[in-house]
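Notes for the one structure printed next.
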Amino acid sequence: MQPAGALAEQPPQQPQQQTAQPLPQPVQPPPSMQRQQQQGEQQQQQQPLQQQPEHHQRQEPPGVSPATQALLSGEARGLESRRFEVAGVEVHIRQDLRGSNALRPLDDDRVWAGDAARGGDADAAAPPILTADDLSRVGLAVWQAGFVLADLLLRRPPFGSWHGVSALDLGCGTGLVGILLSLAGAEVTLTDQPHIVPLADANAQANLTPGLHRWRVVTYTWGQGNPAAALLQPPDGQQGSAAPAAAAAAAAAAATAAAAGQGVPGAPPPLQQPPPGALPLTAGSLPSRSYDVVTAADVVYQPEVYAELAATLAALAAPHTLVLLSYKQRGLQEGSLLSLLEAAGFAVQPVPDSSLAPEYQGGTYRVVRATRID
Numbered sequence: 001m002q003p004a005g006a007l008a009e010q011p012p013q014q015p016q017q018q019t020a021q022p023l024p025q026p027v028q029p030p031p032s033m034q035r036q037q038q039q040g041e042q043q044q045q046q047q048p049l050q051q052q053p054e055h056h057q058r059q060e061p062p063g064v065s066p067a068t069q070a071l072l073s074g075e076a077r078g079l080e081s082r083r084f085e086v087a088g089v090e091v092h093i094r095q096d097l098r099g100s101n102a103l104r105p106l107d108d109d110r111v112w113a114g115d116a117a118r119g120g121d122a123d124a125a126a127p128p129i130l131t132a133d134d135l136s137r138v139g140l141a142v143w144q145a146g147f148v149l150a151d152l153l154l155r156r157p158p159f160g161s162w163h164g165v166s167a168l169d170l171g172c173g174t175g176l177v178g179i180l181l182s183l184a185g186a187e188v189t190l191t192d193q194p195h196i197v198p199l200a201d202a203n204a205q206a207n208l209t210p211g212l213h214r215w216r217v218v219t220y221t222w223g224q225g226n227p228a229a230a231l232l233q234p235p236d237g238q239q240g241s242a243a244p245a246a247a248a249a250a251a252a253a254a255a256t257a258a259a260a261g262q263g264v265p266g267a268p269p270p271l272q273q274p275p276p277g278a279l280p281l282t283a284g285s286l287p288s289r290s291y292d293v294v295t296a297a298d299v300v301y302q303p304e305v306y307a308e309l310a311a312t313l314a315a316l317a318a319p320h321t322l323v324l325l326s327y328k329q330r331g332l333q334e335g336s337l338l339s340l341l342e343a344a345g346f347a348v349q350p351v352p353d354s355s356l357a358p359e360y361q362g363g364t365y366r367v368v369r370a371t372r373i374d
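Printed below as a string of structure tokens:
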């Protein structure tokens with residue numbers, strides 16, 4: 001059977017004997033016509049090429065807003081669409097960077113303004129500077145350090161398997177690390193600031209299956225109140241009005257979809273009530289035991305909050321809790337955070353560079369592990 005559209009094979013034909021005929025000689029136009037042809041060719045070379053209109057434009061379904069159409073068709077300025085493989089799991093990232101003020105978050109070299117003047121060659125090209133406005137929305141995009149940490153944790157589960165392990169992801173952003181851990185079998189709590197949580201919640205609902213995965217998304221800002229008590233509150237999705245409309249709009253504007261194992265078409269789905277498969281919605285419904293693992297990916301870009309982060313980790317970590325931090329070394333006094341953790345009673349140990357995936361080795365990215373010793 002011929003595949004559709006294929007040409008049927010014709011039986012070979014015997015070549016016929018033909019007598020070679022002399023080739024006809026081209027007829028030369030008169031000299032006056034030759035001059036006209038030469039002038040026309042010169043004028044044609046001087047005229048710019050006209051771009052032909054595109055007649056086969058993609059037709060979007062009715063009822064889709066122009067902004068969503070631009071996002072789905074890949075025509076929005078600043079749209080980033082890439083695929084990654086994290087420990088055998090294919091992850092599709094489709095995000096509109098305008099919502100996060102991020103230039104190239106998956107290949108970022110920016111530094112915090114307070115450290116821009118320190119170190120480095122004055123003649124070298126200076127990287128772009130993170131401003132206060134940037135910092136308010138950096139959580140609305142996927143950053144490379146999240147892949148570094150997720151890949152390490154999925155390839156080398158610290159307890160042999162993720163099934164039944166309780167994990168807390170601080171500064172979850174789009175939810176990449178927490179979603180991947182939940183897919184692997186962990187019971188995950190994802191936390192971030194109020195204007196980030198709606199996006200993390202949308203991505204979690206887009207990628208996790210009710211009844212199969214266990215997760216919750218909770219608002220928490222480091223250094224505000226008792227972190228253990230704050231994380232016992234019902235998830236923000238159940239409260240409905242917990243995230244202000246402006247926060248939800250900012251999350252929707254970010255239009256980030258972190259899809260694990262399957263593609264997510266375009267922007268995240270509208271925010272809904274947490275599905276039945278999520279962790280129970282009543283207060284105090286977190287696992288009765290302490291967290292087994294606390295993760296934080298690329299949250300050390302602002303030295304001013306290092307003290308709050310260290311205090312939060314100290315309040316949440318039990319003696320058996322393993323804390324894992326992943327970050328890109330940008331010369332932002334990252335060592336001072338490690339010193340704060342040691343002062344708070346943690347034993348801090350860098351993960352060997354050879355343990356990271358080959359594409360993340362070389363010293364640019366770093367993962368440290370910390371455990372309580374007091």
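Residues in the sequence shown are numbered consecutively from 1, following UniProt numbering. Built from N, CA and C at the ideal position, the CB exists for glycine as well. Keep in mind the model is a prediction, meaning the values are calculated, not measured.
Just tell me which of Ser-354, Leu-309, Ile-373 has its CA closest to the CA of Thr-364. Closest by alpha carbon: Ser-354.
Where Arg-330 falls: helix, strand or coil (DSSP): Arg-330: coil per DSSP, three-state reduction.
Evaluate Ile-373 with the Cβ neighbour count: other Cβ atoms within 10 Å of its Cβ, from every protein chain shown; 16 or more gives buried, anything less gives exposed. exposed
At least three beta-carbon pairs within less than 8 angstroms, the segment 175–190 to the segment 144–161: In short, these stretches touch, since the Cβ pair count reaches three.
Less than 8 angstroms between the CB atoms is what I'm expecting for Leu-190 and Ala-200, so what's the real figure, rounded? Yes, Leu-190 and Ala-200 are in contact; Cβ-Cβ is about 5 angstroms, under 8 angstroms.
Rounded separation between Val-148 and Ala-314 - CA only: 24 angstroms
Quick one: what's got a C-beta closer than 7 angstroms to Val-348's C-beta in the same chain, skipping five residues either side? Leu-338, Leu-341, Glu-342, Val-368, Ala-370
Around the Cβ of Gln-361, are there at least 16 other Cβ atoms within 10 angstroms (buried) or fewer (exposed)? exposed
Roughly how many angstroms lie between the CA atoms of Arg-366 and Val-300, to the nearest whole one? Cα to Cα, Arg-366 sits roughly 11 angstroms from Val-300.
Cβ separation of Tyr-291 and Thr-321, assumed to be a contact under 8 angstroms, to the nearest whole Å: 6 angstroms
Look at the Cβ atom of Val-293, then the Cβ atom of Val-165, and state whether they are nearer than 8 angstroms. yes
Identity of the residues DSSP links to Pro-350 by a beta bridge: Per DSSP, Val-368.
Are Gly-139 and Asp-192 close, meaning C-beta to C-beta below 8 angstroms? Yes; because the gap between Cβ atoms is below 8 angstroms, this pair is in contact.
Cα-Cα, which of Leu-325, Gln-329, Arg-330 is closest to Val-351? Leu-325
Contact under 8 angstroms by Cβ, Ala-206 with Val-188: no
Considering Leu-190, what are the terminal residues of the alpha helix (DSSP H) in which it resides? No alpha helix (DSSP H) holds Leu-190; the beta strand (DSSP E) holding it covers 187–192.
Return the bridge partner residues of Pro-317 from the DSSP annotation. Per the sequence shown, the amino acid found at residue 317 is Ala instead of Pro. Ala-317 is not bridged to any residue.
Measure from the C-beta of Leu-180 to each C-beta in chain C and report whether the shortest distance is under 8 angstroms. Although the question refers to chain C, the structure presented lacks it and comprises just one protein chain.
Following the continuous beta strand (DSSP E) through Asp-169, name the residue where it begins and the one where it ends. 166–169
In the DSSP assignment, find the beta strand (DSSP E) that holds Ala-296 and state where it starts and stops. Segment 293–297, the beta strand (DSSP E) holding Ala-296.
Under 8 angstroms by Cβ, that's how I've got Gly-173 and Ile-196 pegged, so tell me the actual separation to the nearest angstrom. 6 angstroms
Can you tell me which of His-163, Asp-298, Ala-141 puts its alpha carbon nearest to the alpha carbon of Arg-214? His-163
Tell me whether Val-142 sits in a helix, a strand or coil according to DSSP, three-state version. coil
When Val-305, Leu-176, Phe-159, Ala-204 are compared against Trp-143, the one with the closest alpha-carbon: Leu-176
Within its chain, find whatever has a CB closer than 8 angstroms to the CB of Gln-329; leave out the 5 residues flanking it on each side and keep chain order. Gly-363, Thr-364, Tyr-365, Arg-366
Range of the contiguous alpha helix (DSSP H) that encloses Val-218: Note, Val-218: premise wrong, no alpha helix (DSSP H); beta strand (DSSP E) at 214–219.
Do you know offhand how far Leu-180's Cα is from Ala-87's? 10 angstroms
How would you label Arg-82, buried or exposed, when you count the other beta carbons within 10 angstroms and need 16 or more for buried? exposed
If I follow the unbroken alpha helix (DSSP H) through residue 399, where does it start and stop? In this structure the chain extends from 1 to 374, so residue 399 is not present and cannot be described.
Looking at the strands, I want to know which residues DSSP matches up with Val-323. Val-294, Ala-370
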